[in-house]
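J.: Counting along the sequence shown from 1, when you hit position 246 you're at 249 in the working numbering, and nothing is skipped either side. Every residue, glycine too, gets a C-beta built ideally from N, C-alpha and C. Please read these numbers as outputs of a predicted model, since none were measured by experiment. Sending over a structure as structure tokens; questions will come in a sec.
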Amino acid sequence: MNFLDKLEQKFGRFAIRNLALYLCFCYVAGAVIDLVAPGLYDGYLAMNPYMILHGQVWRIFTFLLAPLVNMRSVIGIIFIFFVISLYYNICLTLQKIWGDFRFNMYMLTGMVGTILSSFILYFVTGSPYITMDSYYIQLALFLAFASLFPNQELLLYGILPIKMKWLAYIDVAFLAVNFVTAGNHIFGWCVRVSIIVAILNFLIYFFAGRSGRKYRPSEINRKRKFKKRVQPPKSGARHRCAVCNRTELDDPTLEFRYCSKCEGNYEYCQDHLFTHTHVK
Numbered sequence: 004m005n006f007l008d009k010l011e012q013k014f015g016r017f018a019i020r021n022l023a024l025y026l027c028f029c030y031v032a033g034a035v036i037d038l039v040a041p042g043l044y045d046g047y048l049a050m051n052p053y054m055i056l057h058g059q060v061w062r063i064f065t066f067l068l069a070p071l072v073n074m075r076s077v078i079g080i081i082f083i084f085f086v087i088s089l090y091y092n093i094c095l096t097l098q099k100i101w102g103d104f105r106f107n108m109y110m111l112t113g114m115v116g117t118i119l120s121s122f123i124l125y126f127v128t129g130s131p132y133i134t135m136d137s138y139y140i141q142l143a144l145f146l147a148f149a150s151l152f153p154n155q156e157l158l159l160y161g162i163l164p165i166k167m168k169w170l171a172y173i174d175v176a177f178l179a180v181n182f183v184t185a186g187n188h189i190f191g192w193c194v195r196v197s198i199i200v201a202i203l204n205f206l207i208y209f210f211a212g213r214s215g216r217k218y219r220p221s222e223i224n225r226k227r228k229f230k231k232r233v234q235p236p237k238s239g240a241r242h243r244c245a246v247c248n249r250t251e252l253d254d255p256t257l258e259f260r261y262c263s264k265c266e267g268n269y270e271y272c273q274d275h276l277f278t279h280t281h282v283k
């Protein structure tokens, strides 16, 4: 087992099941705050180590309320629903493919990395104007989705079909341009450090614990067809975990998959799919 498997075996039960939905609630709240009270986020909610050390400890959590678009423009108000809907679908898909624990870990390491890097930059520069948010973490999350589904087509503006890999190239170019043109002032370095943290989080996850990459659409479709041919158990439940014996009747939100490495038809829930001992 790799490092992520070991962590999941010990702490998988603590994973937040509907993290994608909760994150979207944060961004909806951030959009509303930016619309009704411009400047409130930057003044009182953004990640600012100087303010945190002077009593505003809530900023460690409220920096997640960063608005995804500028709500002080007509274009921002029009496209906020499209952006949040796209973000929710991306998060939900990744959560289903990786599992709750791995999706939780990806987001957690990104957020913790942003917090730690902001404090490091503060102690190095001593500037009280250091502010960071989760904006670039979300852009890197889009790269994670595109790496799993490079040929998935998205209807841009509901009309123009474009593959995810081309959007990923645009995303990388956007990050590169922002990094180069950020400037040498303190806010420019905040942008650069945020981009580095987001990209490192993406690279570390996929090169150190990328077991979720084997779940390609063809593999998911194959398992789905296999499940249809399997007779449901006599208890009335269609799925049962071979480790904990839970079924979809115990928890409707549970995801079940068959293990391709086990000899026989052994099905596991999302909490034990990566942590069980393979049957030989």
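Mind reading off the beta-carbon distance from L69 to S150? Whole number of angstroms is fine, and I expect it under 8 Å.
T.: Here residue 69 turns out to be Ala, not Leu, going by the sequence shown. Incorrect: roughly 24 Å between the Cβ atoms, too far for contact.
J.: Do L43 and W65 have their beta-carbon atoms positioned less than 8 Å apart in this structure?
T.: A quick correction: the sequence has Thr, not Trp, at residue 65. No. Outside cutoff.
J.: Taking DSSP's pairing of strands, which residues face T250 in a bridge?
T.: Note: T250 sits in a beta bridge opposite R243.
J.: Which first and last residues belong to the alpha helix (DSSP H) in which Y139 is found?
T.: Segment 138–151, the alpha helix (DSSP H) holding Y139.
J.: Can you list, in chain order, the residues of its chain with a C-beta nearer than 8 Å to that of N154? Leave out the 5 residues immediately preceding and following it.
T.: Here the set comprises K166, M167, K168.
J.: Determine the closest residue to V183 out of I199, H279, F126, with distance taken between C-alpha atoms.
T.: Of I199, H279, F126, the residue nearest in Cα terms is I199.
J.: What residues in its chain sit with their C-beta under 8 Å from that of K237, if we drop five residues either side in the sequence?
T.: Interpretation of K237 is limited by its pLDDT of 48, a score under 50 that renders its predicted location unreliable; the figure taken from the coordinates is listed afterwards. Answer for K237: no residue qualifies.
J.: Could you tell me the alpha carbon to alpha carbon distance between L24 and Y91, rounded to whole angstroms?
T.: The straight-line gap from Cα to Cα measures roughly 7 Å.
J.: Per DSSP, R260 forms a beta bridge with which residues?
T.: Y271.
J.: Reducing DSSP to helix, strand and coil, say where M54 ends up.
T.: If DSSP states are grouped into helix, strand and coil, M54 belongs with the helices.
J.: With 16 other CB atoms within 10 Å as the buried threshold, where does V196 fall?
T.: By the 10 Å Cβ count, V196 comes out buried.
J.: Whole angstroms is fine: what's the gap from D8's alpha carbon to I207's?
T.: The alpha-carbon atoms of D8 and I207 are separated by roughly 15 Å.
J.: Please report the distance separating the alpha-carbon of F104 from that of R16.
T.: Whole-angstrom Cα-Cα distance: 8 Å.
J.: Following the continuous alpha helix (DSSP H) through N107, name the residue where it begins and the one where it ends.
T.: Run containing N107: 103–128, per the alpha helix (DSSP H) assignment.
J.: Does the Cβ-Cβ distance between E11 and T278 come in under 8 Å?
T.: Result yes, Cβ atoms of E11 and T278 sit closer than 8 Å.
J.: Taking contact to mean at least 3 C-beta pairs separated by less than 8 Å, is the region 72–90 in contact with the region 20–40?
T.: With a cut-off of 8 Å, the region 20–40 and the region 72–90 count as touching, because enough Cβ pairs lie within range.
J.: Who pairs with M290 in a beta bridge, going by DSSP?
T.: A query on residue 290 cannot be resolved here, the shown segment of the chain reaching from 4 to 283 and no further.
J.: Skipping 5 residues on each side, what residues in its chain have a beta carbon closer than 8 Å to that of F318?
T.: Past the edges of the chain, shown from 4 to 283, lies residue 318, and the structure says nothing about it.
J.: Please state whether the Cβ-Cβ distance between P41 and R62 is less than 8 Å.
T.: No, these two residues do not count as a Cβ contact at 8 Å.
J.: CB-CB under 7 Å to K217, same chain, minus the five flanking residues each way: which ones, in chain order?
T.: With a pLDDT of 48 at K217, under the threshold of 50, the modelled position of that residue is not reliable, and no figure is offered here.
J.: Please classify K283: does DSSP put it in a helix, a strand, or coil?
T.: Here K283 sits in coil by DSSP.
J.: The alpha helix (DSSP H) with Q12 in it runs from where to where?
T.: Element bounds for Q12: 6–14.
J.: Around the C-beta of H188, are 16 or more other C-beta atoms found within 10 angstroms, so that it is buried, or is it exposed?
T.: With fewer than 16 Cβ atoms within 10 Å of its Cβ, H188 is classed as exposed.
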